Every structure is written in structure tokens, then in C-alpha cells.
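S.K.:
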């Protein structure tokens, strides 16, 4: 198992380097931006600007700048926000937790909806559950999350007054768990719904595949209860492709979180990104891009681990 | 040749048996024709402001009412539809033009080029595409062109991966060997021997990618970073709906573009599913 984990980690390193290089190169070409701010200030002379550029190392060639940036990054320093002057790393860490919470809750919601539907529709093909899950799939893949979010807001907050319209806690009140859950409910449902459709299909087709296996027939002929056969023999073995799919879907979810966060004013990375874009706050924009990519890499590693736990063949090879 | 024709006929027959796919196709044609033909016939265009009707409810004058700045919602809906379909189709074409050659050549020649292309897909697929798109749009400034190009360029990975997989599986086949043995050039082997066997699944992916490109464009416009006012897009019509008062009492402003998006994407997905089932009944999900 240790060797397996190590191998996965080693594979993630070049991808990580590639991501930082790509993002840095894009920013490098767009850059000049810290100087643009100075240039637009009439009180600062061109000589002064040139001195500042020298000081910030902006005259160095690309690779030198990249290496010094990377050194800073590994030391936990991603520069300072043009907008607030605060350390980018601190801002990212503050916004990371809400986004991770939202994403994981969305996965949970999606699983809670998809597993019963997927399993039932595989067990009773062409039955009523099959139709219901088919309708769910099509609706989920065809409804943009921002529209669903507005519909939810309109029904549950505006018309019925049941749930808060946005934020993470009630403003000016204690930050309690129940308040958090009330605020989390709609965004998690909206974000989760985007993956329900394909998740149902994956569970269903994976179950159908396993149900044809000999060991399932053996289990049944041993006289095992149907419930045991379904949960222990069929479901467990059909989980492997489903877990892979969940892992692949995480980047999409983290991206989708931007839109959902905007609809429900959820104080996560997406929100921070949008604020930074409107003020052209490049260090933060760059930071969010890299931190989400790193989060995706970590999630992928975790899925690989779960994968190894589920299927002994993988970790031993 | 005649065998090819029967194959094609069978394909069409199987597609037509799928009711949802046919409904989807009919709806798509209707939507496309409507957004292309009707707008010039309307009394208002997308940016025209009616100064006596701000946020007016639907009436004989404005069939779907007006928005907060007095622009006709129906006109915006139809012009917006043009934008959505345009961005969806054109950006997908860009993705295909970049992704297919890269994936194909990577699988055909292998070696360092293969490593380069496949590592690149890894990197692009690890950064959440919405974030990367936002990042790029923030640098180049939001406009229809930027949005189309950025969505198009970033869509290449899926096509590259797909064709790469297919070509890897056909490149060892005997008929390829045969082609090489009779001295065919690489370009002939790729276009005559490999592509025809790999192209069908690509069409299915194209259909689904158009749907997701439309969703991406509308999401960007919804965030205010896509199509800019006064030009209309289904997404930026919803951008203005992010206020309680509009959600509460001005349903005509945000329900029509949202529903139009849903119906369009649903139709594309119906067609995509129909194509997949008709192409290979074995892998069909339903």
C-alpha cells in the first residue's frame, strides 16, 4: 500500500509543476500590471518605476522569476493582494474551507439521490424507478446550475421564506451549526444536482455489469438474502468505476462552485475569484487558480487511495 | 458502396425509433429557425430602450414584458438564442480542430510527442475549466469573441483523449499493417484507414460538447464576464435577475431565458443520446 501511495504522489508532481508553469507563464505575459498601477500615478516618476521594477525582480528573465516565485510559493508566500494589501495565502486559506465544505456536501447530496435511484433502476430495468431516474438524469444534465439556483431561491427563500437567501451564517448572530446547515442546504443541493444525472447512469450501468457475474449467481444459489447479495456482492464491486467517476468529476464541481457561490453569496474561492477579477487583482486570481488545481490533485490522490482500498488487485500491482 | 448505404439507413432507422431523440431534433430545428428568422421581424431590437416601459409586465406591446432598462424581453430572448447557439457551435469546432489532430498524431507516432500531449491534457484537466476560463477572460477582457475562443481552446482535451484512445486501439489492426505494407504514406493511412473508423464516436462527443459549451457561455455571461450588455445572451439576461424584487415579482425577466436554455440543452442531450444508441446499441444506457 505504501508503495502504491508513493507512486501516485510521484505521478502528481509533474502535473503540479506543469500547472504552476502554465499559470505563471500566462500571468507573466499579462504582467506589468503592478507597474501599470504605479505608472498611472502622476506623482511617481518613470525613474522611480524602473527602480521598483528592478527591486521586484521584474527585469529578470522568465525562468529566474519563475524559480523565485516557486520558492516563495513553497514557503507559503503567494504575494500580496493589490486590492486589500493582505497576504494572498491568508485570503486563500480563509476561502478554501467554505468551498471544500460546499463541494463535499454537494458530493454527499448527489450520492444520497443517485445511489437509491441507480440501484433501484438497475434491479428493476424498465420499471417505474428506471423511468424516474431517467427523468432525473436528463433534468440534471440539462439545467444550468445558476438557473436552478435562482428557481430554488425564488421558491424557498423569496416565496416561502423558509431558507436564507445567501451567506454562510446569519449576519450579526452566533455562528451555530444549525445556521450553517440552513445556509448550506440550497447551494449544496444545486451544486450536487449537476452531477446527479451522470452519477445515476454510472451506478446503473456498473451494477448491471456486475449483476451478470458468476459470483453473484453463486451467492444467490447459496441462498443468501437478496439484501446481502445486493449490498455485499453487487454494490461493493460496482463501486470501483463509480469512485473513479467521482474523482474525475471533482474539478468540474470545484469550477461549478464558482457559479453556485455567486448565486448564494457563499464566501468561498469562487467568490474571491470574481471579486479579484473585477479589480484586476492578479496575485489573488493566480492564487485561486493554483489552489483549486492543487485541491483537485489532492482529491484525485484521495480517490486513488479509496480505489486501492476497494480493489486489492490495484494496490498489489 | 451499397453496404455503406444500408448501414446508413439502418442508423437512421434506429435513430428514428428513439422518440426522445426525434423530439429533440425537431425542437432544435425549431429553435434554430426561430432565432435566425424571427428577430428582424420584431418591432424592437435587443438594445432598443422603451422609455415609457421600464420593468413592464407582458402586454400586447411587449409580449414578454421589458427588463429593468426598458428593453423588450422577447427580442433579447431571440437575439440571445443566436449568441448561445453561435458560441456553442463555433467553440466546439475550435476544440475539435485543436484536439483531434493532437490526439491522433500522439497515438499514431507515439514517443515524445505522445508524452507531451498526454501530460498537457493532464494539466488542463486538473485545473477546473471554469476557473481557467475565468482566469483567461479576466486577462483578455470579456466579449463574445474571447468567450468563444477561450471555451473552444480549453475544450480540446476531451477530443484529444477520445481520439487518442480510439486510434491506439485501431493502429495495431491488420488493415493498417496492410496499408503500410503496400507503401501508403502516413497521411493516407491516417485519413483513409484510421479516421473513418474513429470518427463516429467523435460526433456524439461533439453533440454533448455543444451542450456544455452553451452552459459554460451562459454561466460566464451570468457572472457578468461573458457577453456584455447591451448585447443579449440567455446568461446575461439572468445576470440582472439576481435581486429579490425581480425574483419575487418580475418572473417574465428571468424565467424565459432560463427555460429556453433548459429546453435547448435538453434537446441537444436527447439527440446525443439518440446518436449514441443508434451508433452502438450495445453501449446504450437506455
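Chains as they are written, first to last, in this note's numbering: chain A, 1 to 317; chain B, 1001 to 1286.
The C-beta atom is built at its ideal place from N, Cα and C for all residues, glycine as well.
Remember, predicted model here, so these are calculated numbers, not experimental data.
Any beta carbon from chain A within less than 9 Å of residue 1248 (chain B)'s own beta carbon?
M.R.: With 9 Å as the cut-off, residue 1248 (chain B) counts as an interface residue toward chain A.
S.K.: What span of residues does the alpha helix (DSSP H) with residue 300 (chain A) cover, start to end?
M.R.: 282-310
S.K.: Whose CA, out of A:70, A:86, A:154 and A:194, lies closest to the CA of residue 108 (chain A)?
M.R.: A:194
S.K.: Compare the C-alpha of residue 112 (chain A) against each of A:200, A:121, A:150 and A:223 and name the closest.
M.R.: A:200
S.K.: Alpha carbons only, please: which of A:122, A:235, A:271 and A:312 is nearest the one belonging to residue 97 (chain A)?
M.R.: A:271
S.K.: Does the beta carbon of residue 32 (chain A) sit closer than 9 Å to a beta carbon anywhere in chain B?
M.R.: Confidence at residue 32 (chain A) is low in this model, with a pLDDT of 48, below 50, so its placement is unreliable and no value can be given for it.
S.K.: Of all the options B:1119, B:1093 and B:1016, which has the alpha carbon lying nearest to the alpha carbon of residue 18 (chain A)?
M.R.: B:1119
S.K.: Please name the residue in A:105, A:131, A:255 and A:260 whose C-alpha comes closest to that of residue 117 (chain A).
M.R.: A:131
S.K.: Is the distance from the Cβ of residue 1215 (chain B) to the Cβ of residue 1089 (chain B) below 9 Å?
M.R.: no
S.K.: Are the Cβ atoms of residue 1254 (chain B) and residue 1083 (chain B) separated by less than 9 Å?
M.R.: The answer is no: Cβ separation not under 9 Å.
S.K.: Per DSSP, residue 1072 (chain B) is paired with what?
M.R.: B:1066
S.K.: Identify every run of the beta strand (DSSP E) within the stretch 1082-1161 of chain B, keeping only runs that are complete inside it and at least 3 residues long; order them along the chain.
M.R.: none
S.K.: Would you say residue 258 (chain A) and residue 1134 (chain B) are within 9 Å of each other, going by their C-beta atoms?
M.R.: yes
S.K.: Between the stretch 1010-1028 of chain B and the stretch 141-149 of chain A, do three or more beta carbon pairs fall short of 8 Å?
M.R.: Put simply, the stretch 1010-1028 of chain B does not touch the stretch 141-149 of chain A. Fewer than three CB pairs are less than 8 Å apart.
S.K.: Run down chain A in chain order and give the residues with a C-beta less than 7 Å from the C-beta of residue 1254 (chain B).
M.R.: 150
S.K.: Is the Cβ of residue 84 (chain A) closer than 9 Å to any Cβ of chain B?
M.R.: no
S.K.: Please classify residue 129 (chain A) as buried or exposed, where buried requires at least 16 neighbouring CB atoms within 10 angstroms.
M.R.: Buried: at least 16 other Cβ atoms inside 10 Å.
S.K.: How about residue 311 (chain A) and residue 240 (chain A): are their beta carbons less than 9 Å apart?
M.R.: yes
S.K.: Quick one: what's got a C-beta closer than 8 Å to residue 1228 (chain B)'s C-beta in the same chain, skipping five residues either side?
M.R.: The beta carbon of residue 1228 (chain B) is closer than 8 Å to those of 1142, 1143 and 1236 in its chain, skipping five residues each way along the sequence.
S.K.: Between residue 1230 (chain B) and residue 1080 (chain B), how many whole angstroms is the CB-CB distance? I'm expecting something under 8 Å.
M.R.: Incorrect: roughly 11 Å between the Cβ atoms, too far for contact.
S.K.: According to DSSP, is residue 87 (chain A) helix, strand or coil?
M.R.: strand
S.K.: So that I know if they touch, is there some Cβ in chain B lying closer than 9 Å to that of residue 154 (chain A)?
M.R.: yes
S.K.: Sorted by chain position, which residues of the same chain lie with C-beta nearer than 8 Å to residue 1265 (chain B)'s C-beta, five sequence neighbours on each side aside?
M.R.: Result list for residue 1265 (chain B): 1211, 1214 and 1215, in chain order.
S.K.: DSSP three-state call for residue 1079 (chain B): helix, strand or coil?
M.R.: helix
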